[in-house]
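In what follows, a structure is listed as structure tokens, so that the remarks can point back to it.
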Amino acid sequence: MSGTTRWARRLAPLILILLWLGVGGGLGPYAGKLSEVATNDQASFLPRNAESTRVLEEQKAFQRSESVPAIVVWTVDGDGDGRISAEQRAAARDALASLDGTDGVADRPSPALPSDDGKAIQGVVPLDPELGEGLGEVLDEVRAAAERVPGTTVGIAGPAATQADLGDAFAGIDGLLLGVALTAVLLILLLVYRSVLLPFVIILGSVFALGLASGVVYALADRDVLRVDGQVQGILFILVIGAATDYALLVTARFREELPRHDDRFAAVLVAVRRSAGAIAASAGTVALGLLALLLSDLTNNRALGPVGAIGVACAVISVLTWLPAVLVLLGRAAYWPAKPAAAEGGARGVWTRVAALVDRAPRKVWAVTTVVLVAFAAFSPTLTSKGVPLDEIFVNDAPSVAAQQRLGEHFPGGSGNPAVVTAEADRLDRVAAAAERVEGVAAVTPATVTGRPDGEPRVVDGRARLDVTLQDAADTEAARQTVVRLRDALHPVPDADALVGGYTAQQHDTLTTAQRDRALIIPVVLVVILLVLFWLLRSVVTPILLVATVALNFLATLGIAALVFEHVLGFTGTDPAVPLYGFVFLVALGVDYNIFLMSRVREESLAVGVRQGVLRGLVTTGGVITSAGVVLAATFAALSVIPLAFLVQIAFIVAFGVLMDTLVVRSLLVPALVRDLGPRAWWPGALSRPVVPGPDAGR
């Protein structure tokens with residue numbers, strides 16, 4: 035080896051390490067800055083082309099100023115006959131009036147309106163939508179003014195209060211979520227490697243990857259190329275940490291195998307990277323392409339996750355294939371200190387040898403039993419209700435806005451605070467209002483007026499007028515959604531009215547409809563993309579179809595288990611409509627990852643020793659590392675549950691449990707048993723399907 039080559043081998047790793055230290059120092063802080071460009075506004079979660087979205091845009095013109103309503107509700111403390119007194123009503127009126135002109139209050143508050151049962155009062159305070167982090171302070175001022183009404187309990191409901199609670203929930207993303215995820219990964223890596231240095235090297239690489247991804251996403255979001263919300267931000271953090279750690283486990287496991295075979299650690303790193311890069315690239319490609327398929331969705335936050343997640347996966351791969359090899363070249367065997375890297379044959383002992391022996395001895399029985407178990411769980415998947423999460427279950431803790439909304443619903447019509455919003459041609463407003471009043475489930479119809487009072491002159495903007503339709507049922511119920519359907523059926527035929535129905539309940543209905551359409555479109559696209567990647571990687575038709583079928587079965591089985599756990603253990607009465615789609619994209623794409631790691635090694639071994647021994651050797655050599663990777667990924671996704679939102683808790687359970695089941699059952703038993711039972715036929719029409727295979731155990 036020439037002197038120039040030796041210097042190049044020493045300098046290249048040092049340069050890469052310095053570059054990544056620069057990336058970490060320069061871009062790392064952007065993980066905490068993503069919240070600055072994140073938006074959690076209402077339109078973020080709505081279908082682009084739905085009727086309710088069009089209404090949301092139209093109704094802005096009817097507001098005298100842009101505002102987000104905070105609904106103050108007073109209920110009596112229970113003394114006397116429990117009814118609101120004239121003095122309390124006057125005090126509530128004065129409290130609302132005192133807020134007019136307060137910083138952060140966008141317009142004049144509404145009058146104080148008593149409930150029909152006389153036990154509560156409500157009033158609406160329109161707040162500035164640009165308050166941002168100052169929203170909580172303004173709500174505190176509203177509460178302080180409202181608490182001047184004696185003998186009452188005060189609650190604040192409505193979009194402003196919900197937005198404040200969401201802000202509090204997402205406040206843990208930058209610190210708590212990352213801290214929990216990284217701590218869980220570090221503990222698992224310490225147990226897996228029984229090494230001091232390597233776990234910190236891997237963790238540092240995942241943090242660098244997250245910094246790079248955050249910097250890229252921040253730059254694109256700041257230029258309005260991408261959009262980010264709290265959910266997307268949280269999933270990006272978890273996805274990058276999990277993917278970077280998984281890919282690092284694959285490289286370091288292969289490096290440990292190669293170290294005893296090479297005197298030169300640079301050569302050992304090159305072989306390890308070369309033999310693992312194909313599987314890493316293919317697995318990352320399936321995840322990235324699966325996420326990019328979300329661009330076909332009509333829901334804004336779904337489309338946002340696609341490119342953001344793909345960027346995160348790409349950054350994870352770059353880190354693993356540059357930072358990690360550079361550090362391994364410098365550390366060599368010391369990376370595993372105080373443990374000593376064992377020879378490759380050493381991994382052929384222990385639990386995975388026994389698992390491989392079971393698969394070899396009775397492959398048909400193994401795959402038949404595991405298939406029956408998975409099918410039994412999958413039978414419960416249709417019971418998973420994905421028609422939305424009720425308002426009182428959006429937060430898994432006791433959010434103040436939820437309690438206030440419940441009190442509001444106890445004393446006012448179920449739809450109070452969340453009316454259906456109708457826009458129509460102004461010269462047909464009377465006919466539209468009359469038609470709306472006749473619809474079953476409608477409690478009241480009120481026009482938007484110039485003065486803001488129900489008896490005022492209707493406000494007309496560009497020839498359009500607005501009606502607020504209060505529903506009898508709570509806005510988040512199936513009964514309310516059916517009322518919206520009836521309302522649309524009644525108003526659309528009104529001649530020349532061009533009536534549109536929006537509002538919270540209509541948005542929920544449109545979101546459910548769009549989510550069903552998205553699943554029907556995106557799921558087949560993801561399956562086709564994954565199949566094409568597997569065809570290219572494995573040079574086979576039969577095996578890719580088997581792999582996709584097994585991970586799809588695992589997904590259905592996971593949904594079945596989730597349906598039971600959500601209802602009977604966690605107490606959820608509904609599931610967010612995006613949960614099944616997100617669960618599919620993550621579980622199928624990530625599940626195929628582990629099968630790619632397994633089957634690429636099985637193919638490599640089979641080319642050398644034959645199909646039968648190739649399956650067994652592949653299972654034994656990859657068993658430990660893939661199981662470790664699965665546990666790491668499950669732990670990182672489980673960390674999402676620290677954010678107290680039902681959507682993220684549901685995603686956390688489905689992905690974490692599904693990944694574990696895929697790792698321990700599908701990849702460890704079902705797939706090897708199927709391939710072992712089929713023998714060379716599993717590799718048709720590739721070279722391994724032919725009668726003569728190199729090696730002493732050719733054929734079977």
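In our numbering, the protein residues as written are 35 to 734.
Built from N, CA and C at the ideal position, the CB exists for glycine as well.
Residue i at chain C interface by Cβ criterion, 7 Å
i, result
"Y64", "Going by chain labels, chain C is absent from the structure shown, which holds only one protein chain."
Residues near residue i in its chain [Cβ-Cβ closer than 7 Å; skip 5 each side]
i, result
"R182", "A125, A129"
"A306", "V285, R288, F289, E292"
"L624", "V321, L667, V693"
"T697", "Y628, I660, T661, G664"
"L133", "V139, P143, V159, V176, A179"
"D711", "P397, R398, W401"
"Q440", "D426"
Close-in-space but distant-in-sequence residues of the same chain around residue i (CB under 6 Å, 5 per side omitted)
i, result
"P84", "Checking the sequence shown, residue 84 turns out to be Ala, not Pro. Taken in chain order, the residues that qualify are D544."
"S317", "D627, I630"
"V473", "R520, L521, A524"
Length of the line joining the Cα atoms of residue i and residue j
i, j, result
"A591", "A104", "42 Å"
"A469", "A478", "12 Å"
"L704", "L392", "12 Å"
"V689", "D150", "47 Å"
"R398", "L50", "49 Å"
"G617", "A195", "29 Å"
"A301", "G239", "21 Å"
"M695", "T548", "30 Å"
"L418", "F411", "12 Å"
"V214", "V351", "23 Å"
"G381", "S331", "Here the model assigns G381 a pLDDT of 43, short of 50, so the residue's position is not dependable and the matter cannot be decided."
"L55", "A597", "45 Å"
"S420", "V613", "7 Å"
"W717", "L566", "15 Å"
"L329", "V409", "31 Å"
"D297", "S415", "54 Å"
"I236", "V654", "23 Å"
"T609", "L260", "27 Å"
"D202", "A433", "10 Å"
"V251", "R388", "46 Å"
"G657", "S310", "15 Å"
"D137", "L173", "11 Å"
Within 7 Å, strictly: CB atoms of residue i and residue j
i, j, result
"P233", "N431", "no"
"S662", "A313", "no"
"R500", "T457", "yes"
"T584", "V709", "no"
"D502", "P453", "yes"
"G422", "Q542", "yes"
"L682", "P611", "no"
"G116", "K153", "yes"
"A243", "S353", "yes"
"L169", "A146", "no"
"A460", "V494", "yes"
"P148", "I155", "yes"
"G157", "V102", "no"
"D552", "L593", "no"
"D394", "L632", "no"
"T217", "T109", "no"
"A72", "D263", "yes"
"P359", "V303", "yes"
"V219", "T279", "yes"
"L465", "D530", "According to the sequence displayed, residue 465 carries Arg and not Leu. No, they are not a contact pair."
"I556", "A327", "yes"
"V455", "Q93", "yes"
"L442", "A253", "no"
Cβ-based neighbour list, residue i, same chain, cut-off 8 Å, excluding 5 preceding and 5 following
i, result
"R299", "L293, L362, V363, G366, R367"
"N588", "L408, L621, G625, G692, M695, D696, V699, V700"
"T404", "V699, V700, L703, L704, A707"
Identified DSSP bridge partners for residue i
i, result
"A454", "V503, G537"
"R498", "E459, V495"
"P81", "L333"
"A191", "I105"
"P424", "Partner(s): none; P424 has no beta bridge."
"L161", "V102, V139"
Is there contact between the region 247-256 and the region 337-353, where contact requires at least three CB pairs shorter than 8 Å? Short answer: they touch.
How about the region 591-607 and the region 662-670: do they share at least three Cβ pairs that are nearer than 8 Å? no
Could you tell me whether the region 260-272 touches the region 638-647, where touching means 3 or more Cβ pairs closer than 8 Å? No, because fewer than three Cβ pairs between the region 260-272 and the region 638-647 fall closer than 8 Å, the two stretches do not touch.
Cβ contact (3+ pairs, closer than 8 Å) linking the region 557-572 and the region 499-513: no
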